[in-house]
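Following: one structure in structure tokens, then a few remarks.
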Amino acid sequence: MAPQSLQDIVVIEFAAFAAGPCVGKYLANHGAFVVKVESRSRLDGFRTHYPPFKDNIKGPNRSGVFAFNNDSVHSVGVNLKVPAGLEIARKLVGKADVVIENFTPGTMTKLGLGYDELARLNPSLVMLSTCNLGQTGPRAHHPGFGSQLTSLSGFTNLIGEPDRNPVIVYGPYIDYIAVGYGYIAVLAALEHCRRTGQGQYIDLSQYENGIQFIAPALLQYQLLGTAPTRQGNRHDYAAPHGVYPCAEPESWCSISVFTDQEWQRLVCAMDNPQWTESPRFATQLARKENEAELDQQLGKWTRSFHADDLMHRLQKAGVRAAKVNNMADLFTDPQLSHRRFWRRVPHKEVGPHHVEMPAFDLLSTPCAEPAGEPLLSEHTEMVLEKLLALSKPEIERLASEGAVELEPAEADTETARKH
Amino acid sequence: MTQSPSKKPGALSGCRVLDMTTPLGHLCGKILGDLGADVIKIEPPAGDAGRIRPPFVQDRSGAFHSLFWLSYNNNKRGITLNLETSDGRRILEQMARKADFVVESYPPGYMDSLELGYAQLSRENPGLVYTAVTPFGQSGPYRDFQAEDLEIMALSGVMSLTGYPDKLPLRISLSQSEAWASLYGAMGALTAFHSRQKDGRGQFVDVSSQAACIILCAHAPWFWDYNREIPTRHGEFMTGRTITGAKFRTAWPCRDGYVTFIIYGGPAGQKTNRALTEWMDTKGMAPDFMKAKQWEKFDVAVITQEEVDRMESAIGKFFVDITKKEFLKEVVERGMLGYPISTAEDILDDNQLVARNFWQSLETPGSDDPIRFPGGFAQFSEMDCGVRFRAPLLGEHNRDILAGELGLSQQQLTLMRAASII
Numbered sequence: 005m006a007p008q009s010l011q012d013i014v015v016i017e018f019a020a021f022a023a024g025p026c027v028g029k030y031l032a033n034h035g036a037f038v039v040k041v042e043s044r045s046r047l048d049g050f051r052t053h054y055p056p057f058k059d060n061i062k063g064p065n066r067s068g069v070f071a072f073n074n075d076s077v078h079s080v081g082v083n084l085k086v087p088a089g090l091e092i093a094r095k096l097v098g099k100a101d102v103v104i105e106n107f108t109p110g111t112m113t114k115l116g117l118g119y120d121e122l123a124r125l126n127p128s129l130v131m132l133s134t135c136n137l138g139q140t141g142p143r144a145h146h147p148g149f150g151s152q153l154t155s156l157s158g159f160t161n162l163i164g165e166p167d168r169n170p171v172i173v174y175g176p177y178i179d180y181i182a183v184g185y186g187y188i189a190v191l192a193a194l195e196h197c198r199r200t201g202q203g204q205y206i207d208l209s210q211y212e213n214g215i216q217f218i219a220p221a222l223l224q225y226q227l228l229g230t231a232p233t234r235q236g237n238r239h240d241y242a243a244p245h246g247v248y249p250c251a252e253p254e255s256w257c258s259i260s261v262f263t264d265q266e267w268q269r270l271v272c273a274m275d276n277p278q279w280t281e282s283p284r285f286a287t288q289l290a291r292k293e294n295e296a297e298l299d300q301q302l303g304k305w306t307r308s309f310h311a312d313d314l315m316h317r318l319q320k321a322g323v324r325a326a327k328v329n330n331m332a333d334l335f336t337d338p339q340l341s342h343r344r345f346w347r348r349v350p351h352k353e354v355g356p357h358h359v360e361m362p363a364f365d366l367l368s369t370p371c372a373e374p375a376g377e378p379l380l381s382e383h384t385e386m387v388l389e390k391l392l393a394l395s396k397p398e399i400e401r402l403a404s405e406g407a408v409e410l411e412p413a414e415a416d417t418e419t420a421r422k423h
Numbered sequence: 255m256t257q258s259p260s261k262k263p264g265a266l267s268g269c270r271v272l273d274m275t276t277p278l279g280h281l282c283g284k285i286l287g288d289l290g291a292d293v294i295k296i297e298p299p300a301g302d303a304g305r306i307r308p309p310f311v312q313d314r315s316g317a318f319h320s321l322f323w324l325s326y327n328n329n330k331r332g333i334t335l336n337l338e339t340s341d342g343r344r345i346l347e348q349m350a351r352k353a354d355f356v357v358e359s360y361p362p363g364y365m366d367s368l369e370l371g372y373a374q375l376s377r378e379n380p381g382l383v384y385t386a387v388t389p390f391g392q393s394g395p396y397r398d399f400q401a402e403d404l405e406i407m408a409l410s411g412v413m414s415l416t417g418y419p420d421k422l423p424l425r426i427s428l429s430q431s432e433a434w435a436s437l438y439g440a441m442g443a444l445t446a447f448h449s450r451q452k453d454g455r456g457q458f459v460d461v462s463s464q465a466a467c468i469i470l471c472a473h474a475p476w477f478w479d480y481n482r483e484i485p486t487r488h489g490e491f492m493t494g495r496t497i498t499g500a501k502f503r504t505a506w507p508c509r510d511g512y513v514t515f516i517i518y519g520g521p522a523g524q525k526t527n528r529a530l531t532e533w534m535d536t537k538g539m540a541p542d543f544m545k546a547k548q549w550e551k552f553d554v555a556v557i558t559q560e561e562v563d564r565m566e567s568a569i570g571k572f573f574v575d576i577t578k579k580e581f582l583k584e585v586v587e588r589g590m591l592g593y594p595i596s597t598a599e600d601i602l603d604d605n606q607l608v609a610r611n612f613w614q615s616l617e618t619p620g621s622d623d624p625i626r627f628p629g630g631f632a633q634f635s636e637m638d639c640g641v642r643f644r645a646p647l648l649g650e651h652n653r654d655i656l657a658g659e660l661g662l663s664q665q666q667l668t669l670m671r672a673a674s675i676i
């Protein structure tokens, strides 16, 4: 097997939900050894708060949200409230290249794991702190979730029909922008460390990351005094531009036309129906002006096709068109299958299920075959042996003191499932 | 050109990037530039497709400048080069010998057809990290499909989760797929660069925009994978939080726009609900059942739609008279979850961003005053990251780079201009 690009990196994560863990997951996909420090007494909210749970049965090892953000990482049970546990955490940091945390600002310092302290233990350490609004500023300590941050960053106003209330995006949009920038920031800081031997602290504000993706709107307001608004699927400079109903219920295909040539290709693909000969649709400006009628006519035509067939027919004719995939479709999409975007992983409690791979493929050092998301404390012994060279009796002693937590025995898991 | 004083190096200072991106990849090159790389935007003599993306600002000379272009091409120097001429190709080959990165987003196979693809360029420079950002990737059944933002969003699945239940699936009105594709492009480029710095070997990085945008579905695919359920669109409501099937309002009309507030459980949600009840009570608008509630025992997973409706009816009446500013001030002071739905104006006014020195001002065509651009994507303790200079005008650095760095004579430049090579 080809080696992975990041296999020399050790990452310790003190993180929960999306913005921290998903950075670790991507680093692990490319070979980093990623250790997620968790505790029974302070579970990652994604293990317990939100569905889906396998077979709709709640349990810390049964969460789909957790699976999505944590495949291929190792879970180590450490209780940071116990002094010996905190000491283990510090020793782990001593062996790490990277620490990732996404608590509210100040929490790591209160725990005794602030950057200054960790840098004394490990001067080449790269530490990523990713939080809602950044570590500084008048509202640094205000807690928040990604779904609401999508609104603060201006996106919610840009989704929906012009005459109706705005629509929120499904997931924590901003968190995942911050995941990408967080990953980039970590690799950038590692390059700096390679050059200078020096580690550093990264203060990443998820809000400021979200704003990167709305830059053209901010320029528009400053330079033109106007702002883009929600307009359904319409586009200021294209017509038709939308999704059109297909034969099966709840199925659609997109069509977008920006020029006369593209329109001619569409007309041809429709076998030149008479309505397209009207001067009302003859030019780009005319089509834009009569867009409502155009959408209606097109919708009548698309209704007789299956979305997949229509997409292929139009693409073959050189017209931009795409089926609106639903969540089930994503798993059978031939292009995603070709890229092996979804990978099947085994899992002790959930059974075999899928995880997703990064959207970039490295041709010489492809990502590692993923492991499933870890059971809570699944890798405590393995990691403490590997990174700290602790012996089994030492680990058992630490476990009996409550400093570290071991994977619950098979029987416990069974009981947990029944309850 | 405003050059902000930079005391610290960037992570990629000393690295050279050749950027042959269309709008799909502009931000990818910019991110490498934010980190200090010397990025050279190489455009066809007629200009990049990003330059004709609306809306535009007109400068004093009457020329139009795309705001999308200005947003995602700062930190780049620009030259024109016709890669479909042999001189153009030769110059690119020469530049690629000394480059660390190539970033491009032409259709799959185009650069190969010019003999400027990874196979050719890496022969002379095995350390080159070559990143190609395309709608669907370099191979596979959809490789040659045509796609703009709408098509990428449709095939990524996210539109099936967005919109009102009685209407069509929706995209975000401000095109987003380019930014996502570029973000993953920069992630891939830096992953490949990490191993190149160890063993000297570059490689090809194949980025799919469709795959990049699947993350917008967040955990929704696992409803299908785990339980064969298909989540769909619920308009301004959030679902999937309860065993009763209750849904929660997310967008609320207020006096001067909208705010986002969601009834949550868990410690943060319980605290929020209690604080909101107290705030409503200061205006005599908290109903008795909310005042009597033991919020510390509130379990959102078992709440019925009837209870939600009762709470939301009272909350809605309260929010309708609150301004966005007032809402933000109160949620911060009371430690509640919730944010206003900001407009561009609100964001530019936000004192949190000002206090963190987030904005970076640049002189920009079409404006007498400097314009504020989003600054660095992170604050690094030891490195510089952010906007250093504005996007290039067409061919702005032809002389600097082609004559100054590659040693072409003035006469050669003139000849190439006449032959539409630059």
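Protein chains in written order, with this note's numbering: chain C, 5 to 423; chain P, 255 to 676. Backbone N, C-alpha and C define an ideal beta-carbon position, used for all residues, glycine too.
Helix, strand or coil: which one does DSSP assign to residue i?
i, result
"W613(P)", "coil"
"G81(C)", "strand"
"S255(C)", "coil"
"D542(P)", "helix"
"F285(C)", "helix"
"H2(C)", "Not covered by the structure: residue 2(C). The range shown for chain C is 5 to 423."
"E561(P)", "helix"
"A325(C)", "strand"
"E42(C)", "strand"
"H488(P)", "coil"
"E17(C)", "strand"
"F573(P)", "helix"
"D741(P)", "Here chain P has residues from 255 to 676 only, and residue 741(P) is not among them."
"H651(P)", "coil"
What does the Cβ neighbour count give for residue i, buried or exposed, with the cut at 16 atoms within 10 Å?
i, result
"R305(P)", "buried"
"P308(P)", "exposed"
"K284(P)", "buried"
"P521(P)", "exposed"
"T445(P)", "buried"
"P55(C)", "buried"
"E659(P)", "exposed"
Tell me, to the nearest whole angstrom, how far the beta carbon of residue i is from that of residue j; I am working on the premise that it is less than 8 angstroms.
i, j, result
"P378(C)", "V77(C)", "6 angstroms"
"N161(C)", "I576(P)", "Not confirmed; about 17 angstroms, so no contact."
"I206(C)", "A193(C)", "6 angstroms"
Among the candidates the options, whose CA atom is the shortest distance from the CA of residue i?
i, options, result
"N74(C)", "L394(C), T154(C), L380(C)", "L380(C)"
"W434(P)", "Y326(P), R343(P), T514(P)", "Y326(P)"
"K545(P)", "A386(P), D553(P), N527(P)", "N527(P)"
"L227(C)", "A219(C), R234(C), T233(C)", "A219(C)"
"E532(P)", "G494(P), V562(P), T514(P), F572(P)", "F572(P)"
"G186(C)", "R143(C), T134(C), S155(C)", "T134(C)"
"M349(P)", "M365(P), C471(P), N379(P), G363(P)", "N379(P)"
"E338(P)", "F552(P), E432(P), P361(P), P298(P)", "P298(P)"
"N126(C)", "K99(C), G246(C), R143(C)", "K99(C)"
Report all residues from its chain with a CB closer than 8 angstroms to the CB of residue i; omit the five preceding and five following residues, and keep chain order.
i, result
"A317(P)", "P619"
"V183(C)", "A22, A23, C26, V27, Y30"
"I294(P)", "R270, V271, L272, D273, K330, R331, G332, I333, M349, H651, I655"
"G287(P)", "V271, V293, N328, N329, K330, R642"
"A657(P)", "S663, Q664, L667"
"A415(C)", "With a pLDDT of only 43 at A415(C), under 50, the local geometry of the prediction cannot be trusted, and the value read off the model is given with reservation. Excluding residues within five positions, none has a Cβ falling inside 8 angstroms."
"H146(C)", "N136, L137"
"W279(C)", "F285, Q301"
Excluding the 5 residues flanking residue i on each side, which residues of the same chain have their C-beta closer than 7 angstroms to its C-beta?
i, result
"M1(C)", "Given that chain C is displayed from residue 5 to residue 423, the structure contains no residue 1(C) and the question cannot be resolved."
"T504(P)", "E490, F491, M492, T514, I516"
Quick one: what's got a C-beta closer than 6 angstroms to residue i's C-beta in the same chain, skipping five residues either side?
i, result
"G236(C)", "E165"
"L388(C)", "L394, I399"
"A19(C)", "P25, I104, E105, N106"
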